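Peer 1: What follows is a structure written as structure tokens; I'll ask about it next.
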Amino acid sequence: MPDNRLVQTVASASVEVRNQGDFRLGYEWDEAAVNVGGGVSQEPDYNSAFGSLNGRMDFNQKLTSANLGLSYTNSDIYALINPLYAPYVNKSYYASRGQIQTETDANGGVTQHLTGNRQDWATHLSVAQVMNKDLLLESGIGFTRSTGFLANPYKAVDMLYVD
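For our numbering, add 936 to where a residue sits in the sequence shown, where the first one is 1.
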């Protein structure tokens, strides 16, 4: 039976350590351009890899431009469930989906991690027109599709036990 007593928690922000590398390559012709980019971001509890492809076509002596882009991001979450509040948290929702990983360290201590994967696809299309030296009109549309673990793994309220 879960313990339903109130718990006061005093916390401070943890040191944020991130290693990230990005690259971008581009080539421009007289009336077109293409850019390819990507990178990785690594943290103790979060890893992400991303890439993008963007193109531009110019018309009407470069007064009109059409832009098209596509990007993809794949992220993995490995968040520690704080052992101090773990007894007060109902993890059954995540456990039933195989997202709780239990580990035993060399000293016999047990830790639990919330795991998950997220994938984001995005695309955009826009058209820009130079009207005169003071006016540029641009119109565009974009679409993003996100799948997988979309919640914040550090919000314990998402996992709190409710009678």
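All C-beta atoms, glycine included, are put in the ideal place defined by N, C-alpha and C. Just so we're clear, the structure is a prediction, and the values are computed from it rather than from any experiment.
Could you tell me whether the region 1038-1057 touches the region 1000-1012, using the rule of 3 or more Cβ pairs below 8 Å?
Peer 2: The region 1038-1057, when compared against the region 1000-1012, does touch it at the 8 Å Cβ threshold.
Peer 1: Just checking my contact of L961 with V972 at CB under 8 Å: how many whole Å lie between their CB atoms?
Peer 2: Sure, about 5 Å apart at Cβ, within 8 Å.
Peer 1: Using three-state DSSP, classify S1028 as helix, strand or coil.
Peer 2: In this structure, S1028 counts as helix in the three-state DSSP scheme.
Peer 1: Once you ignore the five residues that flank Q1065 on each side, which residues in its own chain have a CB closer than 6 Å to its CB?
Peer 2: Only T1000 and L1073 meet the Cβ criterion.
Peer 1: Sort S988, G1005, W965 and N1026 by Cα distance to K998 and report the nearest one.
Peer 2: Comparing Cα positions, the closest option is W965.
Peer 1: What's the call for R1081, buried or exposed, on a 16-neighbour Cβ count within 10 Å?
Peer 2: Per the 10 Å Cβ criterion, exposed.
Peer 1: Quick one: Cα of T1047 to Cα of Y982, how far?
Peer 2: Between T1047 and Y982, the C-alpha separation is close to 17 Å.
Peer 1: What is the DSSP secondary structure of A1022, counted as helix, strand or coil?
Peer 2: If DSSP states are grouped into helix, strand and coil, A1022 belongs with the helices.
Peer 1: Evaluate contact between the region 976-990 and the region 1012-1030, counting only Cβ atoms and requiring at least three cross-stretch pairs below 8 Å.
Peer 2: Touching, yes, given that three or more Cβ pairs across the two stretches are closer than 8 Å.
Peer 1: Can you tell me which of N1003, Q956, I1036 and P1019 puts its alpha carbon nearest to the alpha carbon of E967?
Peer 2: Selected option, being the one with the closest Cα: N1003.
Peer 1: Which runs of the beta strand (DSSP E) fall wholly inside the region 1044-1070 and span at least 3 residues, in chain order?
Peer 2: Entirely contained in the region 1044-1070, the beta strand (DSSP E) runs reaching 3 residues are, in chain order, 1046-1068.
Peer 1: Which residue or residues does DSSP assign as beta-bridge partners of V953?
Peer 2: Looking at the DSSP assignment, V953 forms no beta bridge with any residue, so it has no partner.
Peer 1: Per DSSP, what are the beta-bridge partners of A1015 in this structure?
Peer 2: Note: A1015 sits in a beta bridge opposite L1050.
Peer 1: Report the CB separation of S1028 from G1005 in whole angstroms; it is logged as a contact under 8 Å.
Peer 2: In fact, because the Cβ distance is near 41 Å, the residues do not count as touching under 8 Å.
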